[in-house]
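Encoded as structure tokens, the structure appears first; notes follow it.
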Amino acid sequence: MPRIAIFQFSGTGNTYFVAKAICEAIRKTDRCDLFAVENHLADADRLIERYDIIGLGYPIYGSSLPLIVFRFIEALSTHQKKAFTFCTQLLFSGDGAAYGARQLEKKGFVVLWQEHFRMPNNITDLRLLERKKPYDFDRIARYVDRRASRFVSLILSGREHRRGSNVGSLLLGLLQRVPFEAMDPAVLSEAVRIDQDRCVRCGECVALCPVSNLRRIQDEIFPQKRCTLCYRCVNHCPTQAIRLATGSYVKFPYHGPKSAFSIKTVQEDDRYSDSPSDDPST
Ligand SMILES: Cc1cc2nc3c(=O)[nH]c(=O)nc-3n(C[C@H](O)[C@H](O)[C@H](O)COP(=O)(O)O)c2cc1C
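Using our numbering, the first residue of the sequence shown is number -17, and each one after it goes up by one.
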């Protein structure tokens, strides 16, 4: 019975929702633990050693990976382990899951399974992408369950599945990724704008930011030039006081599928399911 760990990063809940569905499907027969990338930027090696198969899930940004996911992979040592990648996206990424797989392969992982999940948009500060109608989250949940179950059956049967690893997908991916990655990281890292008149200093954004980009200084909240564009603060500010540089203040925030994205839930899920003393490898 393989022991499987999934590391996921989710700005606004979509990837977390998919990761949970994959984890639950695995748990029907095998062991699976779920970890948040943002909690393990420095100690993932230690955890990875305890598992047979490693999963990595992330949202697609311009057919590329969130900076925090690049950092997570960069910090890893070499691991000759089987792995799978999955990404969530609004429309398409081209080769989103394959691109993450290639990053993992540089660290020795043998990535045999890759999958894409289409999920709601979380860029809510662009009028062009604004959605006024509510999402049908029951339909989304059914879609995720179906796709996650199929993906898991491929993983557990050992049959390879490499979504995004064909020439067409690679070309589509490049089309978006090249201009996206060409943008100046220094400019992107300063993208957050806070309207100090709307801000009620509740500190929600400070608590939620995965990269400590928001800091309270003398009772005002200031961005720290570390933004990685995850849109968590934009969507969770209770007074819609936050936008990114090119956006306008949000009218219809996105709180993730089904239930509101909660850091508390992510923290509660993030654990090694056996106590280390039960583990034969320790
Ligand atoms: C900066 C940024 C760039 C994005 N680029 C793409 C893209 O290239 N293609 C796409 O289909 N969706 C894109 N999206 C949408 C997200 O990938 C999608 O909503 C994802 O499911 C969000 O996942 P999360 O809730 O786990 O953060 C982008 C979102 C952001 C914030």
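Just so it is clear, CB atoms sit at the ideal spot from N, CA and C, and this is done for glycine as well.
Checklist line | Nearest to Q71 (by Cα), restricted to the options A24, K64, R100, I55 | finding: Residue 71 sits at position 89 when you count from the first residue of the sequence shown. Checked all of A24, K64, R100, I55; the closest Cα to Q71 is R100.
Next item on the list: With DSSP collapsed to three states, give me the class of G238.
Entry: In the sequence shown, counting from the first residue as 1, residue 238 sits at position 256. If DSSP states are grouped into helix, strand and coil, G238 belongs with coil.
Check: Excluding sequence positions up to five away, which residues of its chain have a Cβ less than 6 Å from the Cβ of K207?
Finding: The count along the sequence shown starts at 1 and reaches residue 207 at position 225. If we look at K207 and ignore the five residues flanking it on each side, its Cβ neighbours are S171, E172.
Checklist line | Residues near V126 in its chain [Cβ-Cβ closer than 6 Å; skip 5 each side] | finding: Indexing the sequence shown from 1 puts residue 126 at position 144. The answer, listed in chain order, is V0, A3.
Notebook entry, point to check: With a CB to CB cut of under 8 Å and the five nearest residues on each side skipped, what residues in its chain are close to P220?
Noted result: Start at 1 with the first residue of the sequence shown, and residue 220 comes out as number 238. So the qualifying residues of the chain are V182, C184, E186.
Next item on the list: State the DSSP-derived secondary structure class of F162, mapped to helix, strand or coil.
Entry: In the sequence shown, counting from the first residue as 1, residue 162 sits at position 180. Correct three-state label for F162: helix.
Notebook entry, point to check: Using DSSP with H/G/I as helix, E/B as strand and the rest coil, what is P167?
Noted result: Start at 1 with the first residue of the sequence shown, and residue 167 comes out as number 185. Correct three-state label for P167: helix.
Notebook entry, point to check: Within 7 Å: the Cβ of C209 and any heavy atom of ligand 1?
Noted result: Start at 1 with the first residue of the sequence shown, and residue 209 comes out as number 227. C209 Cβ: outside cutoff for every heavy atom of ligand 1.
Notebook entry, point to check: If you draw a straight line from the C-alpha of F(-11) to the C-alpha of M(-17), how long is it?
Noted result: Translated into the one-based positions of the sequence shown, residue -11 becomes position 7. Translated into the one-based positions of the sequence shown, residue -17 becomes position 1. Going from the Cα of F(-11) to the Cα of M(-17) covers about 19 Å.
Note to self: I'd like to know whether the C-beta atoms of H61 and I35 end up nearer to each other than 8 Å.
What the structure shows: In the sequence shown, counting from the first residue as 1, residue 61 sits at position 79. In the sequence shown, counting from the first residue as 1, residue 35 sits at position 53. Going by C-beta atoms, H61 is not nearer than 8 Å to I35.
Check: For G(-5), which option in D252, H237, Y254 has the closest C-alpha, if you only look at C-alpha atoms?
Finding: In the sequence shown, counting from the first residue as 1, residue -5 sits at position 13. Closest by alpha carbon: H237.
Note to self: Going by beta-carbon coordinates alone, are D12 and L138 separated by less than 8 Å?
What the structure shows: Along the sequence shown, one-based indexing puts residue 12 at 30. Along the sequence shown, one-based indexing puts residue 138 at 156. It is a contact, given that the beta carbons lie within the stated cut-off.
Notebook entry, point to check: Between the C-alpha atoms of L190 and I245, what's the straight-line distance to the nearest angstrom?
Noted result: Here residue 190 is taken as the residue at index 208 of the sequence shown, counted from 1. Here residue 245 is taken as the residue at index 263 of the sequence shown, counted from 1. The straight-line gap from Cα to Cα measures roughly 7 Å.
Check: Does ligand 1 have a heavy atom nearer than 7 Å to the CB of S171?
Finding: Your numbering for residue 171 matches position 189 in the sequence shown. Incorrect: S171 has no Cβ contact closer than 7 Å to ligand 1.
Note to self: Less than 8 Å between the C-beta atoms of K114 and F234, yes or no?
What the structure shows: Mapped onto the sequence shown, residue 114 falls at position 132. Mapped onto the sequence shown, residue 234 falls at position 252. Taking 8 Å as the Cβ cut-off, K114 and F234 qualify as a contacting pair.
Margin query: Going by beta-carbon coordinates alone, are I224 and V216 separated by less than 8 Å?
Written below: Counting from one through the sequence shown, the residue named residue 224 turns up at place 242. Counting from one through the sequence shown, the residue named residue 216 turns up at place 234. Contact flag set, yes.
Check: What are the start and end residues of each continuous alpha helix (DSSP H) run of 4 or more residues lying completely inside the stretch 75 to 149, in chain order?
Finding: 78 to 87, 119 to 139
Checklist line | Cutoff 8 Å; reference N103; Cβ partners in own chain excluding five residues on either side | finding: Taking the first residue of the sequence shown as position 1, residue 103 is located at position 121. L72, L111, R113, Y236.
Next item on the list: Return the CA-CA distance between G44 and S147, expressed in angstroms with no decimal places.
Entry: For the purposes of this step, residue 44 is taken as the residue at position 62 of the sequence shown. For the purposes of this step, residue 147 is taken as the residue at position 165 of the sequence shown. Taking the straight line joining both Cα atoms gives about 17 Å.
Notebook entry, point to check: Who are the near neighbours of L108 in its chain, counting only those whose CB is closer than 6 Å to its CB and skipping five residues on each side?
Noted result: Along the sequence shown, one-based indexing puts residue 108 at 126. So the qualifying residues of the chain are G229.
Notebook entry, point to check: Got a sec: does ligand 1 put a non-hydrogen atom nearer than 7 Å to the Cβ of C212?
Noted result: Taking the first residue of the sequence shown as 1, we reach residue 212 at position 230. The answer is yes for C212.
Notebook entry, point to check: Grouping DSSP H, G and I as helix and E and B as strand, with all else coil, what is A223?
Noted result: Sequence index remark: in the sequence shown, residue 223 carries index 241 (1-based). If DSSP states are grouped into helix, strand and coil, A223 belongs with coil.
Checklist line | Status (buried if at least 16 other CB within 10 Å, exposed otherwise) for A65 | finding: Numbered from its first residue, the sequence shown carries residue 65 at position 83. Buried.
Next item on the list: With a 10 Å radius around its C-beta and 16 neighbouring C-beta atoms as the bar for buried, classify L47 as buried or exposed.
Entry: Here the question's residue 47 lines up with position 65 in the sequence shown. Classification of L47: buried, given that the 10 Å Cβ count is 16 or more.
Margin query: Nearest by alpha-carbon distance to K10: which of I55, A130, G39, E20 is it?
Written below: Numbered from its first residue, the sequence shown carries residue 10 at position 28. The option with the nearest alpha carbon to K10 is A130.
Checklist line | P262 in three-state terms, based on DSSP | finding: Taking the first residue of the sequence shown as position 1, residue 262 is located at position 280. In this prediction, P262 has a pLDDT of 40, which is less than 50 and means its spatial position is unreliable; what the coordinates show is noted afterwards. The answer is coil: DSSP assigns P262 none of H, G, I, E or B.
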